[in-house]
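Enquirer:
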Amino acid sequence: MSKNNVKIQVSNNEFIWDSEKGLFSFDGAPALLFWDSAIELFLKTIEEVSGSDVSKTVFEATGYRMGHLVSSYYQGRNDLEQLLSEYSHIYRNAGWGNVEIPFYSFDEKRALIRLTNSWEHRIFNNTSKENAGVVLPSHWAGVFTGLFKQNVWYKVNKSQLNGHEYDEIEIFPSDTTAASNIHELSRQKEQENILELERKVKERTEELSSLVMELSSPVIPVLEGILVIPLVGRFNEERLSIMIERALSELSTQKAGFLLIDVTGLSHFDTYTIHGMQRLIRAIRLLGGECYLVGISAELSIQIINSNLIDMAGINTFSNLQKGVEFAIGENGYELVRKTQQS
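Quick note on numbering: the sequence shown equals residues 1 to 343 in full-length UniProt numbering.
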């Protein structure tokens, strides 16, 4: 060959370097040469960017599809034993380590592969072993899937990384494929995202509920013996219980006799609100206090009448808070007197 082309024959494999064009071929197919450290950096970068669980699936899918591609180069050959012997030479001569296939059965779709000094062992020997023993085992699963013409998967029985003499990979029929692993990973990630979103929604809902509880229905002292509780927004059982508990507590603490329920902030009465008002009024009366409804608009008055759910007998109602306070002051034994301006 010319000085720009170097050809080397190793067993039955041919390596050609074309230095003029910067090309390298292995058995007539374009190939690349990499240092182990470069492959190590490549795999570590994938793991760093993707995370360990995602990168494991990526490594398996890559190895499996590479193996399936290799088997496609030899379609149509029936001499499986000779072909497997050639495979051993190809991988050894390419620097992938020694390969021994002590057992295979085309009928059972099973095989046993033993690897010594594989590039995967060399790379992961002194580094993180979390995703070690993934690429080459799945690679051989891809090879035998093509050779057996049936889906097979792998199991690592022994590993040099764990102190064994060789890596032993068992191949067996399985529904597991690289595509199914990718799909399972996608479903797992989707479920994790949903759970995380639900967690954040729950957390945010609890924060907002707590804030609403703190701000809703405060019991406000107006004058001696007179309290006001404004009703705002919609009520549920929890809000109603807290509202009633606060009202009773403040009525007792303040030694008040009058509670004005201000409904100015309500646009309509729902079932919870109506029942809540009933419970509050009964509870206040049991303590000897009186309840007034203030801030009732014409629309709300119609709803109250049509609902037939609130017994209005003995309950004083006022169109606004001012009038209700003035009435309560009088009932409490006081009167409002305008201060006379001095000349």
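Note that CB positions come from ideal geometry on N, CA and C, so glycine has one too.
Which residues in the same chain as I16 place their Cβ atom closer than 6 Å to its Cβ, once the five residues preceding and following it in sequence are excluded?
Expert: Once the five neighbours on either side are set aside, the close Cβ partners of I16 are K7, S25.
Enquirer: What does the alpha-carbon distance come out to for the pair residue 357 and Y91?
Expert: Because the chain spans 1 through 343 in this model, residue 357 falls outside it and cannot be assessed.
Enquirer: Leaving out five residues on either side along the sequence, give the residues of the same chain with a beta carbon under 7 Å from the beta carbon of N117.
Expert: Closer than 7 Å at Cβ, skipping near neighbours: G97, N98.
Enquirer: Using alpha carbons as the reference points, say which of D18, I39, A38, R239 lies closest to P30.
Expert: For the residues D18, I39, A38, R239, the minimum Cα distance to P30 belongs to D18.
Enquirer: Can you check which of these residues, I169, D262, Y292, F59, is closest to P218 by C-alpha distance?
Expert: That would be D262, whose Cα lies nearest to the Cα of P218.
Enquirer: Using three-state DSSP, classify K189 as helix, strand or coil.
Expert: Helix.
Enquirer: With a cut-off of 8 Å on the beta carbons, I'd call A178 and E60 a contact; round off their distance for me.
Expert: Going by Cβ atoms, the distance from A178 to E60 rounds to 6 Å, so yes, they are a contact pair.
Enquirer: By a C-beta neighbour count over all protein chains shown, 10 Å radius and 16 as the cutoff for buried, is V58 buried or exposed?
Expert: Per the 10 Å Cβ criterion, buried.
Enquirer: Would you be able to state if there are at least three C-beta pairs under 8 Å between the segment 235 to 254 and the segment 283 to 299?
Expert: With the cut-off at 8 Å, the segment 283 to 299 and the segment 235 to 254 touch.
Enquirer: So, for N151: in the same chain, excluding its five sequence neighbours on each side, which residues have a beta-carbon less than 8 Å away from its beta-carbon?
Expert: Counting only Cβ-Cβ distances below 8 Å, and skipping sequence neighbours, we find T145, P173, S174, D175, T176, T177.
Enquirer: Would you call the CB atoms of I229 and L259 closer than 8 Å?
Expert: Yes; because the gap between Cβ atoms is below 8 Å, this pair is in contact.
Enquirer: Which runs of the alpha helix (DSSP H) at least 4 residues long sit entirely within the segment 18 to 88? Give them in chain order.
Expert: The qualifying runs are 36 to 50, 52 to 72.
Enquirer: In the DSSP assignment, find the beta strand (DSSP E) that holds F106 and state where it starts and stops.
Expert: No beta strand (DSSP E) holds F106; DSSP gives it neither H nor E.
Enquirer: For K158 and H121, what's the separation of their Cα atoms in angstroms?
Expert: Cα to Cα, K158 sits roughly 12 Å from H121.
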